[in-house]
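A.B. asks: Here the protein sequences come in this chain order: Z and F.
Quick note on numbering: the first sequence equals residues 1 to 322 in the UniProt record's numbering.
Quick note on numbering: the second sequence equals residues 1 to 244 in the UniProt record's numbering.
Built from N, CA and C at the ideal position, the CB exists for glycine as well.
This structure is a prediction, so every number in the text was calculated from the model and none was measured.
Can you keep this structure in mind? I'll have questions shortly.
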Amino acid sequence: MTDAVDVALRLLVVFVVFLTFPLIVGQTEHKVMAHMQGRLGPMYAGGFHGWAQLVADGVKFAQKEDVVPAGADRRIFQLAPAVALLPYLLVLLAIPIGPGEGAVGQVLDAGIFFVLAVMGVGVLGSLMAGWASANKFSLLGGLRTAAQLLAYELPMLLTAASVAMAAGTVSLPGILDAFHWWWLPWQIVGAIVFFVAGLAELQRPPFDMPVADSEIIFGAYTEYTGLRFALFLLAEYAGIIVLCGLTTVLFLGGWHGPWGADGLGWVWTLLKTAVLAFLVIWLRVTYPRLREDQLQKLSWTLLVPLSLAQIALTGIVKVVIS
Amino acid sequence: MTLIAATAAAAHATAAHATATTAAADTHGFLSPTGVEIAFLLVGLATFGAGLVTVTTRQLVHAALWLVVTLGGLAVEYLLLTAEFIAWVQVLIYVGSVVVLLLFGLMLTKAPIGRSPDADSGNRWAALTVAVAAAAALVWVVVDAFRTTWIDLDGPAAGSTAVTGASLFQNWVLPFEALSVLLLAALVGAIVLSRKAKAEMSSPPVNSRAVTGSSPSAPDSRNHPIEGNRLNEGTSQAEQEGAR
Numbered sequence: 001m002t003d004a005v006d007v008a009l010r011l012l013v014v015f016v017v018f019l020t021f022p023l024i025v026g027q028t029e030h031k032v033m034a035h036m037q038g039r040l041g042p043m044y045a046g047g048f049h050g051w052a053q054l055v056a057d058g059v060k061f062a063q064k065e066d067v068v069p070a071g072a073d074r075r076i077f078q079l080a081p082a083v084a085l086l087p088y089l090l091v092l093l094a095i096p097i098g099p100g101e102g103a104v105g106q107v108l109d110a111g112i113f114f115v116l117a118v119m120g121v122g123v124l125g126s127l128m129a130g131w132a133s134a135n136k137f138s139l140l141g142g143l144r145t146a147a148q149l150l151a152y153e154l155p156m157l158l159t160a161a162s163v164a165m166a167a168g169t170v171s172l173p174g175i176l177d178a179f180h181w182w183w184l185p186w187q188i189v190g191a192i193v194f195f196v197a198g199l200a201e202l203q204r205p206p207f208d209m210p211v212a213d214s215e216i217i218f219g220a221y222t223e224y225t226g227l228r229f230a231l232f233l234l235a236e237y238a239g240i241i242v243l244c245g246l247t248t249v250l251f252l253g254g255w256h257g258p259w260g261a262d263g264l265g266w267v268w269t270l271l272k273t274a275v276l277a278f279l280v281i282w283l284r285v286t287y288p289r290l291r292e293d294q295l296q297k298l299s300w301t302l303l304v305p306l307s308l309a310q311i312a313l314t315g316i317v318k319v320v321i322s
Numbered sequence: 001m002t003l004i005a006a007t008a009a010a011a012h013a014t015a016a017h018a019t020a021t022t023a024a025a026d027t028h029g030f031l032s033p034t035g036v037e038i039a040f041l042l043v044g045l046a047t048f049g050a051g052l053v054t055v056t057t058r059q060l061v062h063a064a065l066w067l068v069v070t071l072g073g074l075a076v077e078y079l080l081l082t083a084e085f086i087a088w089v090q091v092l093i094y095v096g097s098v099v100v101l102l103l104f105g106l107m108l109t110k111a112p113i114g115r116s117p118d119a120d121s122g123n124r125w126a127a128l129t130v131a132v133a134a135a136a137a138l139v140w141v142v143v144d145a146f147r148t149t150w151i152d153l154d155g156p157a158a159g160s161t162a163v164t165g166a167s168l169f170q171n172w173v174l175p176f177e178a179l180s181v182l183l184l185a186a187l188v189g190a191i192v193l194s195r196k197a198k199a200e201m202s203s204p205p206v207n208s209r210a211v212t213g214s215s216p217s218a219p220d221s222r223n224h225p226i227e228g229n230r231l232n233e234g235t236s237q238a239e240q241e242g243a244r
């Protein structure tokens, strides 16, 4: 009985995090971008500095008509948002926020593989949307999504493998247990490559060629309206949470920090995740969009060699210190 | 390519299915299987069905998406057999990369919405024969090899990462390395082939373009799939309306 309650409670917590954190990141993005550009951003909804803007947006999306284009492949078109969103919910289950087994949704033996595998599935949603919309902009977006995923999956996997080598385990809590502060300079190249490749996988600026709104009109999501479009947006922000959480756990030591082992670990995890999320927003405001060939070039000629070099370095240091 | 992969997947599913049946029959008697065995059978049936749809559907992209279901079902079967590591690698490699590559190829060529009547093979019976033969061979080999093998659930799980890694790099390191070399050779071969094709394609405009140093391939190839798609939209729309 207590087991069932425990499982239910964990699922509930993960679900609440899944629903609220993306909204917090979205609202932060509204305000941070606005202030970086010398504006105020939303100020009216909810009264205090427009805190309820995204709630209002959600209500608006829910009221809109759910349109499916006549030429579209109905079922795949309607299924795509769910395929894009659900993987991130599953990934959140496996990310530990504190020490011990109590602070993670589910301890998985091959946590890294689970997380990266399920994140890769989310991109299928964009591909389905791009193809099923019967729209040339959507098809272009879908093509670009696929090309981008193929290019950036490899450096992401390689850098994650580097951390797994360093820790001698592929379980996420196990990696955190093995963490020492000097891993930070040791794995810093891997951390940067992982984060950049993750940004590209999420199609966040400056890697948002697949959804370039001024050029191919949001790519795969051109034909979507109402709640289904909102689900795609939610998937993007949930993806930011997942990517920042993963980078925190793999490279920044997760709950490690002053008093981290004495009950304040979750504060450290959330703090590091929040700083990384801020960085994601900052990058959006700072850098112009990369062209398609520049995207491919960056991955194959810079990130992949860097991640291979990181693996070599990890191997050498590992052999020397053991 | 899809056909072969799906057939192989279906064959795998059948083989797994058969082992489950024998296991159930031997341990608990045929009529009192455990929950896990029932789940295994049901997932196996769903996987088999998805594999069948993959090879029989006339809609190319639907075939690829049914392949996702098939491969995902196989991953669930691995999980039920306590092979957690293999299950996640299955999702990572097949669903996350191979199917994305397939979809990329389908979208890059013309993959119309709706049925493609020409997406059928005259070798249907030959393919069926090969598939049945492969499935029969797999079932026979797996049943024969593992009839008396039981998964010990009390010790360290047989499919966990540590156990898999140890057996892979202690007992099976030579086949592993041989496969790595094979894949490397395939990779190099693919690069060589693509370079040759590119050199032939770009040889006529050598005089005009190579001097200026612009890359001819990328922007040109990007326009074709859309036009193909647009041409097909008319027919597919008509077909869908007819279907309604």
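Is it the case that the Cβ atoms of Z/A151 and Z/Q296 are separated by a distance below 8 Å?
C.D. replies: As a first step, residue 151 of chain Z is located in the first sequence; it is residue number 151 there, counting from the start. As a first step, residue 296 of chain Z is located in the first sequence; it is residue number 296 there, counting from the start. A contact, by the Cβ cut-off of 8 Å.
A.B. asks: Measuring CB to CB, does Z/P87 end up less than 8 Å from Z/Q148?
C.D. replies: Residue mapping note: residue 87 of chain Z aligns to position 87 of the first sequence, counting from 1. Residue mapping note: residue 148 of chain Z aligns to position 148 of the first sequence, counting from 1. Result no, Cβ atoms of Z/P87 and Z/Q148 do not sit closer than 8 Å.
A.B. asks: Report yes if the C-beta distance between F/T161 and Z/V170 is below 8 Å; otherwise report no.
C.D. replies: For the purposes of this step, residue 161 of chain F is taken as residue 161 along the second sequence, with counting starting at 1. For the purposes of this step, residue 170 of chain Z is taken as residue 170 along the first sequence, with counting starting at 1. Against a cut-off of 8 Å, the Cβ pair of Z/V170 and F/T161 comes out as a contact.
A.B. asks: Could you compute how far the alpha carbon of Z/T28 sits from the alpha carbon of Z/L276?
C.D. replies: Reading the first sequence from its first residue, position 28 is the one you call residue 28 of chain Z. Reading the first sequence from its first residue, position 276 is the one you call residue 276 of chain Z. C-alpha separation (whole angstroms): 12 Å.
A.B. asks: Identify the continuous alpha helix (DSSP H) that holds Z/L143 and give its terminal residues.
C.D. replies: On the first sequence, residue 143 of chain Z is found 143 positions in, with the first residue counted as 1. 136-167 is the span of the alpha helix (DSSP H), which, as asked, contains Z/L143.
A.B. asks: Ordered along the chain, which non-local residues of its own chain (more than five positions away) have a Cβ less than 6 Å from that of Z/N135?
C.D. replies: Counted from its first residue, the first sequence places residue 135 of chain Z at position 135. Same-chain partners within the cutoff: T222, E223.
A.B. asks: For F/G96, decide whether its Cβ has a neighbour in chain Z, counting only Cβ atoms nearer than 8 Å.
C.D. replies: Start at 1 with the first residue of the second sequence, and residue 96 of chain F comes out as number 96. Chain Z contact via Cβ: present.
A.B. asks: Are Z/A220 and Z/S126 close, meaning C-beta to C-beta below 8 Å?
C.D. replies: Position 220 of the first sequence, counting from 1, holds the residue named residue 220 of chain Z. Position 126 of the first sequence, counting from 1, holds the residue named residue 126 of chain Z. Yes; because the gap between Cβ atoms is below 8 Å, this pair is in contact.
A.B. asks: At the level of alpha carbons, what is the spacing between Z/L202 and Z/E153?
C.D. replies: For the purposes of this step, residue 202 of chain Z is identified with residue 202 of the first sequence, where counting begins at 1. For the purposes of this step, residue 153 of chain Z is identified with residue 153 of the first sequence, where counting begins at 1. So the two alpha carbons sit approximately 11 Å from each other.
A.B. asks: Within the 8 Å Cβ cut-off, does Z/L308 reach chain F?
C.D. replies: Here residue 308 of chain Z refers to the residue found at position 308 when the first sequence is read from its first residue. It does not: the Cβ of Z/L308 has no partner Cβ on chain F nearer than 8 Å.
A.B. asks: What is the DSSP secondary structure of Z/M43, counted as helix, strand or coil?
C.D. replies: Along the first sequence, read from residue 1 onward, the residue named residue 43 of chain Z stands at position 43. Coil at Z/M43, not helix or strand.
A.B. asks: Give the residues from the segment 80-95 of chain F that approach chain Z closer than 7 Å (Cβ to any Cβ), ordered along the chain.
C.D. replies: E84, F85, W88, V89, V91, L92, V95
A.B. asks: According to DSSP, is F/T34 part of a helix, a strand, or is it coil?
C.D. replies: In the second sequence, residue 34 of chain F corresponds to position 34, counting from 1. Of the three classes helix, strand and coil, the one that applies to F/T34 here is coil, per DSSP.
A.B. asks: Just the Cα atoms here: how many angstroms apart are F/L179 and F/W172?
C.D. replies: Position 179 of the second sequence, counted from the first residue, corresponds to residue 179 of chain F. Position 172 of the second sequence, counted from the first residue, corresponds to residue 172 of chain F. Computed Cα separation, rounded: 11 Å.
A.B. asks: Suppose the cutoff is 7 Å on Cβ atoms and the five residues either side in sequence are ignored; what does the same chain contact list for F/L168 look like?
C.D. replies: For this step, residue 168 of chain F is matched to residue 168 along the second sequence. Excluding residues within five positions, the ones whose Cβ falls inside 7 Å are F176.
A.B. asks: Less than 8 Å between the C-beta atoms of Z/S299 and Z/P155, yes or no?
C.D. replies: Looking up residue 299 of chain Z in the first sequence gives position 299. Looking up residue 155 of chain Z in the first sequence gives position 155. Going by C-beta atoms, Z/S299 is nearer than 8 Å to Z/P155.
A.B. asks: Could you check the C-alpha separation between F/G165 and Z/F229 for me, to the nearest Å?
C.D. replies: Working through the second sequence from its first residue, we reach residue 165 of chain F at position 165. Working through the first sequence from its first residue, we reach residue 229 of chain Z at position 229. Distance between the alpha carbons of F/G165 and Z/F229 is about 43 Å.
A.B. asks: Report the three-state DSSP secondary structure of F/V89 (helix, strand or coil).
C.D. replies: In the second sequence, counting from the first residue as 1, residue 89 of chain F sits at position 89. Correct three-state label for F/V89: helix.
A.B. asks: Show which residues of chain F have a CB atom less than 8 Å away from the CB atom of Z/M165.
C.D. replies: As a working note, residue 165 of chain Z is residue 165 in the first sequence. The contact set of Z/M165 on chain F, defined by CB atoms closer than 8 Å, is empty, because the minimum CB distance reaches about 12 Å.
A.B. asks: For the alpha helix (DSSP H) holding Z/F218, just list the boundary residues, first then last.
C.D. replies: Start at 1 with the first residue of the first sequence, and residue 218 of chain Z comes out as number 218. Premise fails: Z/F218 is in no alpha helix (DSSP H) and is neither H nor E.
A.B. asks: Since F/S160 meets chain Z, which of its residues come closer than 7 Å, beta carbon to beta carbon?
C.D. replies: Looking up residue 160 of chain F in the second sequence gives position 160. Those are D109, listed as they occur along chain Z.
A.B. asks: What residues in its chain sit with their C-beta under 8 Å from that of Z/L139, if we drop five residues either side in the sequence?
C.D. replies: Numbered from 1 along the first sequence, position 139 holds the residue referred to as residue 139 of chain Z. These residues qualify, in order along the chain: G130, W131, S133.
A.B. asks: Would a check of beta-carbon distances place Z/A197 closer than 8 Å to chain F?
C.D. replies: In the first sequence, residue 197 of chain Z corresponds to position 197, counting from 1. Not closer than 8 Å to any Cβ of chain F, the Cβ of Z/A197 fails to qualify, so no.
A.B. asks: Look at Z/T247 and Z/F179 and say whether their C-beta atoms are less than 8 Å apart.
C.D. replies: Looking up residue 247 of chain Z in the first sequence gives position 247. Looking up residue 179 of chain Z in the first sequence gives position 179. At the C-beta level, Z/T247 and Z/F179 stay beyond 8 Å of one another.
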